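Visitor: Counted the way my numbering counts, the sequence shown spans residues 1 to 437.
A virtual CB, placed ideally from N, CA and C, is assigned to each residue, including glycine.
Note that the coordinates shown come from a computational prediction; the quantities given were computed from them, not determined experimentally.
Take a look at this one; I'll ask things after.
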Amino acid sequence: MQDVPLRVALIGMGTVGTGVARILTDQAERIARRAGRPIEIRRVVVQHVEKSRSVALPNGLITDDLEAVYADKDIDIVLHLVGGLEPARTIMLRLLESGKDVVTANKALLCEHGDEVFRRARELGRTVAYEAAVAGGIPIIAAIGQSMAANQITSIQAIINGTSNFILTEMHEKARPYADVLAEAQRLGYAEADPTMDVDGTDAAQKLVLLSQLAFGTKVPVTAFQRTGIDKLELPDLRNATEFGYRVKLLATARLIQGQLEMHVQPTLVKANQPLAKTSGAFNMVELTGDAVGRLWYSGAGAGEMPTASAVVADLIDMAVGRAQLTFSRLDIWREHAPLPLLPATEVRRRFYLRFNVEDRPHVLADIADILGRHNISIASVIQKEAESAAIPGGPVTVPLVIMTHESTEGAMRDADAELERLKSIRPPRVRIPVAS
Ligand SMILES: NC(=O)c1ccc[n+]([C@@H]2O[C@H](COP(=O)([O-])OP(=O)(O)OC[C@H]3O[C@@H](n4cnc5c(N)ncnc54)[C@H](OP(=O)(O)O)[C@@H]3O)[C@@H](O)[C@H]2O)c1
Numbered sequence: 001m002q003d004v005p006l007r008v009a010l011i012g013m014g015t016v017g018t019g020v021a022r023i024l025t026d027q028a029e030r031i032a033r034r035a036g037r038p039i040e041i042r043r044v045v046v047q048h049v050e051k052s053r054s055v056a057l058p059n060g061l062i063t064d065d066l067e068a069v070y071a072d073k074d075i076d077i078v079l080h081l082v083g084g085l086e087p088a089r090t091i092m093l094r095l096l097e098s099g100k101d102v103v104t105a106n107k108a109l110l111c112e113h114g115d116e117v118f119r120r121a122r123e124l125g126r127t128v129a130y131e132a133a134v135a136g137g138i139p140i141i142a143a144i145g146q147s148m149a150a151n152q153i154t155s156i157q158a159i160i161n162g163t164s165n166f167i168l169t170e171m172h173e174k175a176r177p178y179a180d181v182l183a184e185a186q187r188l189g190y191a192e193a194d195p196t197m198d199v200d201g202t203d204a205a206q207k208l209v210l211l212s213q214l215a216f217g218t219k220v221p222v223t224a225f226q227r228t229g230i231d232k233l234e235l236p237d238l239r240n241a242t243e244f245g246y247r248v249k250l251l252a253t254a255r256l257i258q259g260q261l262e263m264h265v266q267p268t269l270v271k272a273n274q275p276l277a278k279t280s281g282a283f284n285m286v287e288l289t290g291d292a293v294g295r296l297w298y299s300g301a302g303a304g305e306m307p308t309a310s311a312v313v314a315d316l317i318d319m320a321v322g323r324a325q326l327t328f329s330r331l332d333i334w335r336e337h338a339p340l341p342l343l344p345a346t347e348v349r350r351r352f353y354l355r356f357n358v359e360d361r362p363h364v365l366a367d368i369a370d371i372l373g374r375h376n377i378s379i380a381s382v383i384q385k386e387a388e389s390a391a392i393p394g395g396p397v398t399v400p401l402v403i404m405t406h407e408s409t410e411g412a413m414r415d416a417d418a419e420l421e422r423l424k425s426i427r428p429p430r431v432r433i434p435v436a437s
């Protein structure tokens, strides 16, 4: 082991930075052994220097002076642990230009400006490592970039937003409505004060963009594929899914379909006996299919102080021993040939779960079956509950009708839905949820 320490700076000491500082100080000997030399925290840059911190660091280490990090020639590696796009992007580029290798946990930045960051790093002969940016503690970037290198990955199906998975699990298991569970998730710290990016599918979509870029060599903008969150889901659909033998999960999917890339993030019915369906609470799971290895499942804590810090420190050790530099220059994120085209959303083939509120009178089911049939959508099974009473006194009695279809295209389903909307015997809501294949 070398005596000369590897000097690092942390930019950001919030949730993730605190965990990283904790590992580097509490486990200094273990990390030094694995890195081949001691790691010395040279500076910690934060926004509010006066804020009290829960990890004890030597006096004078915490600063708000970013310029000092850029200028310090002794700092080799910087742990970039700030969120958002700006100033995170400018900080990242300045670090690379100052000759630093960078470990980042910022998925939003890489999703939006990854091309620029990776290109600049490559031009400057620097390395960027980002294991912590997707699925927190789960080593999924290493799995795709290194461990599965002999394979063509053909499919990624993932639960990569812990907040949504926590909410869905509570809704399924305790029959509690969405708004109730969200409020509790905020109280417990599973959900941010503003949970929009989690519950509307944006966070999962950003992570899917990073995974598919690595697996398929194609960068797809987050706005180019279908993205639906969990915020409109209702309890009856979760109950019905259970009756049919499924669980509803916010599933992020990217797969190769005859040379095209199918991508979407949507609430999806997953067979209850599948590992993805059994992933509960704030846990994440990524299911990868490789043409040689078959299916693999990676599961664990997708966020949080120590799990995310575990991924950051693993990247740091990889950089210290020189592995990250070798891997980064060979990553499949900058192909010379044309990127894979995106499969149009209307051509995505799936089965569907449908729920209608229909008037309780003859021919309604026949009318629905006729419309579906004319669009080549065949019915696999139907559940019709008994009528209770009219929603409006003297008005028509309505009953919930639930249909599982055989496989069809999203386009055929949308066309059929436009016709179903005009059927007078169908009252709102009209629910459509895809089924995972
Ligand atoms: N939290 C997780 O579980 C998790 C999991 C995976 C990935 N990530 C990603 O990791 C990154 C950090 O997340 P976090 O949860 O640790 O965030 P956080 O708790 O909000 O902490 C952010 C830190 O950055 C500092 N900071 C903000 N703006 C700065 C600036 N202009 N210059 C210097 N320092 C600045 C803040 O300083 P002050 O402390 O002085 O305010 C704070 O220490 C984000 O990109 C996030 O998406 C987080």
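Between which two residues does the beta strand (DSSP E) containing Ser155 stretch?
Guide: That run of the beta strand (DSSP E) goes Ile153 to Ile159.
Visitor: Among Leu296, Arg119 and Met285, which has the Cα closest to the Cα of Gly302?
Guide: Ranking the options by Cα distance to Gly302, first place goes to Met285.
Visitor: In the DSSP assignment, the alpha helix (DSSP H) including Lys107 goes from what residue to what residue?
Guide: Residues Lys107 to Leu124.
Visitor: Between the segment 88 to 103 and the segment 138 to 154, are three or more C-beta pairs nearer than 8 Å?
Guide: They do not touch, by the three-pair rule.
Visitor: Among Ile77, Ile31, His363 and Ile23, which residue has its Cα nearest to the Cα of Ser54?
Guide: Considering only alpha carbons, the answer is Ile23.
Visitor: Counting C-beta neighbours from all protein chains within 10 Å, is the total for Gln266 16 or more, i.e. buried, or is it exposed?
Guide: Counting Cβ neighbours within 10 Å, Gln266 comes out buried, since at least 16 surround it.
Visitor: Which residue wins for smallest C-alpha separation from Ile11, given the options Pro5, Ile41 and Val220?
Guide: Among Pro5, Ile41 and Val220, the Cα nearest to that of Ile11 is on Ile41.
Visitor: In its own chain, which residues sit with a C-beta less than 7 Å from the C-beta of Glu131, not counting the 5 before and 5 after it?
Guide: Closer than 7 Å at Cβ, skipping near neighbours: Pro139, Ile141, Ala142, Ala311, Ala314 and Asp315.
Visitor: Considering just the uninterrupted stretch of the beta strand (DSSP E) at Ile377, what are its terminal residues?
Guide: Looking at the DSSP string, Ile377 is not in any beta strand (DSSP E), and its letter there is neither H nor E.
Visitor: Quick one: residues in its chain with C-beta nearer than 7 Å to the C-beta of Gln2, no 5 flanking neighbours on either side, listed in chain order?
Guide: Contacts found: Gly36 and Arg37.
Visitor: For a quick check, are the C-beta atoms of Ala204 and Ala135 less than 8 Å apart?
Guide: Contact flag unset, no.
Visitor: How big is the Cα-Cα spacing for Ala418 and Val16?
Guide: So the two alpha carbons sit approximately 47 Å from each other.
Visitor: Can you grab the Cα-Cα spacing for the pair Gly373 / Phe352, in whole Å?
Guide: Roughly 14 Å separates the two Cα atoms.
Visitor: When the Cα of Arg295 is compared with those of Leu261, Arg255, Ile77 and Leu182, which residue comes out closest?
Guide: Out of Leu261, Arg255, Ile77 and Leu182, Arg255 has the C-alpha closest to the C-alpha of Arg295.
Visitor: Going straight from the alpha carbon of Asp194 to that of Ala366, what length do you get?
Guide: Distance between the alpha carbons of Asp194 and Ala366: 45 Å.
Visitor: Taking Val209 as part of the alpha helix (DSSP H), name the residues at either end of that continuous run.
Guide: From DSSP, the alpha helix (DSSP H) with Val209 extends over Thr202 to Phe216.
Visitor: Which value, in whole angstroms, describes the spacing of the CA atoms of Pro58 and Pro344?
Guide: Whole-angstrom Cα-Cα distance: 56 Å.
Visitor: On the three-state DSSP scale, how would you describe Asp180?
Guide: Reduced to three states, the DSSP call for Asp180 is helix.
Visitor: Below 6 Å CB to CB, which residues in the same chain sit around Tyr190 once its five sequence neighbours on both sides are set aside?
Guide: These residues qualify, in order along the chain: Thr163, Phe166 and Ala282.
Visitor: Going by Cα to Cα distance, which pick from Val382, Ala28, Arg432 and Glu262 is closest to Lys219?
Guide: Of Val382, Ala28, Arg432 and Glu262, the residue nearest in Cα terms is Glu262.
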